[in-house]
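Down below is the structure, laid out as structure tokens.
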Amino acid sequence: MNSRVQKQTFQIRDARLTDIEQLPAIELSAAQSFRSVPGLAWIATSETIPEEAHRSSIQTKTCWVAVDTADTPVGFLTASVKHKDVHILEMSVASSWQKCGIGKALLQHLKHWALRKELADITLTTFQEIPWNAPFYSKMGFVILTHDELNQRLISILDREQAHGFPEGSRCAMRFDLRRITD
Numbered sequence: 001m002n003s004r005v006q007k008q009t010f011q012i013r014d015a016r017l018t019d020i021e022q023l024p025a026i027e028l029s030a031a032q033s034f035r036s037v038p039g040l041a042w043i044a045t046s047e048t049i050p051e052e053a054h055r056s057s058i059q060t061k062t063c064w065v066a067v068d069t070a071d072t073p074v075g076f077l078t079a080s081v082k083h084k085d086v087h088i089l090e091m092s093v094a095s096s097w098q099k100c101g102i103g104k105a106l107l108q109h110l111k112h113w114a115l116r117k118e119l120a121d122i123t124l125t126t127f128q129e130i131p132w133n134a135p136f137y138s139k140m141g142f143v144i145l146t147h148d149e150l151n152q153r154l155i156s157i158l159d160r161e162q163a164h165g166f167p168e169g170s171r172c173a174m175r176f177d178l179r180r181i182t183d
């Protein structure tokens, strides 16, 4: 079998507790893209999402993995539900698997899951100018929220991110309105 065809073959499934140990390596692999971004190279070696956050998402069934043909995780999306919203905590795809449609597939999976749960919105915070961040999510139907549209939860997240070292004004909150989906 052609290695490129095999490489592009993946499925999305619920994450399992046994997947937790592989998720930080995927996140670090994905973060290597930031090495080429002036002022953000430090992200490539920063801490990953704590294991406990993944465990919580897996236990509440809000963590999904993209797996290769050997059922090995190569990407993930972990989220949390707050009221009628689901918030993406992290979505990462291993660098060797990027540009294979995994990010889009994970978001589509999340949208369908959130619709079944009768949630209203999907939210996230991300970099405004990095091509694989806000511009990618915009193509997927997310909109950047103005300051007046932010709720206290999103304001707090953005404040924590700035305190963590993200440059002021570099991050934004985005929302996907699930009521827009009619299929």
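The opening position of the sequence shown corresponds to residue 1 in UniProt numbering, with each subsequent residue numbered one higher.
Don't be surprised by glycine CBs; every beta carbon is placed ideally from N, CA and C.
From a predicted model like this one, the values you see are computed outputs, not experimental measurements.
Shortest Cα-Cα distance from I157 to any of S138, I88, W132 and D71 involves I88.
Shortest Cα-Cα distance from H147 to any of T123, C172 and G141 involves C172.
Counting other Cβ atoms within 10 Å of its Cβ, P167 stays below 16 and is therefore classed as exposed. Rounded to the nearest whole angstrom, the C-alpha separation of E47 and R16 is 22 Å. Short of 8 Å from the beta carbon of D121, and not among the five residues preceding or following it, lie these beta carbons of its own chain, in chain order: K84, D85, V86, R175, F176, D177 and L178. In this structure, the alpha-carbon of I43 lies about 6 Å from that of A31.
For Q8, same chain residues with a beta-carbon under 6 Å away, outside a window of 5 residues either side, are C100 in chain order.
Residue range R171 to D177 is occupied by the beta strand (DSSP E) that includes R175. Listed in chain order, the alpha helix (DSSP H) elements of length 4 or more contained wholly in the region 87-164 are 102-116, 134-139 and 152-164.
Note on G75: 16 or more other CB atoms within 10 angstroms of its CB, so buried under the neighbour-count rule. Here DSSP, grouped into helix, strand and coil, assigns P24 to helix. The beta-bridge partner set that DSSP reports for W64 consists of D14 and L77. DSSP links K82 through a beta bridge to D85. Leaving aside the five residues that flank Q11 on each side, the residues in its chain whose CB is nearer than 8 Å to its CB run, in chain order, A66 and V67. The way I'd put it, the region 120-137 does touch the region 149-164; three or more beta-carbon pairs between them come closer than 8 Å.
Around the beta carbon of T62, 16 or more other beta carbons lie within 10 angstroms, which makes this residue buried.
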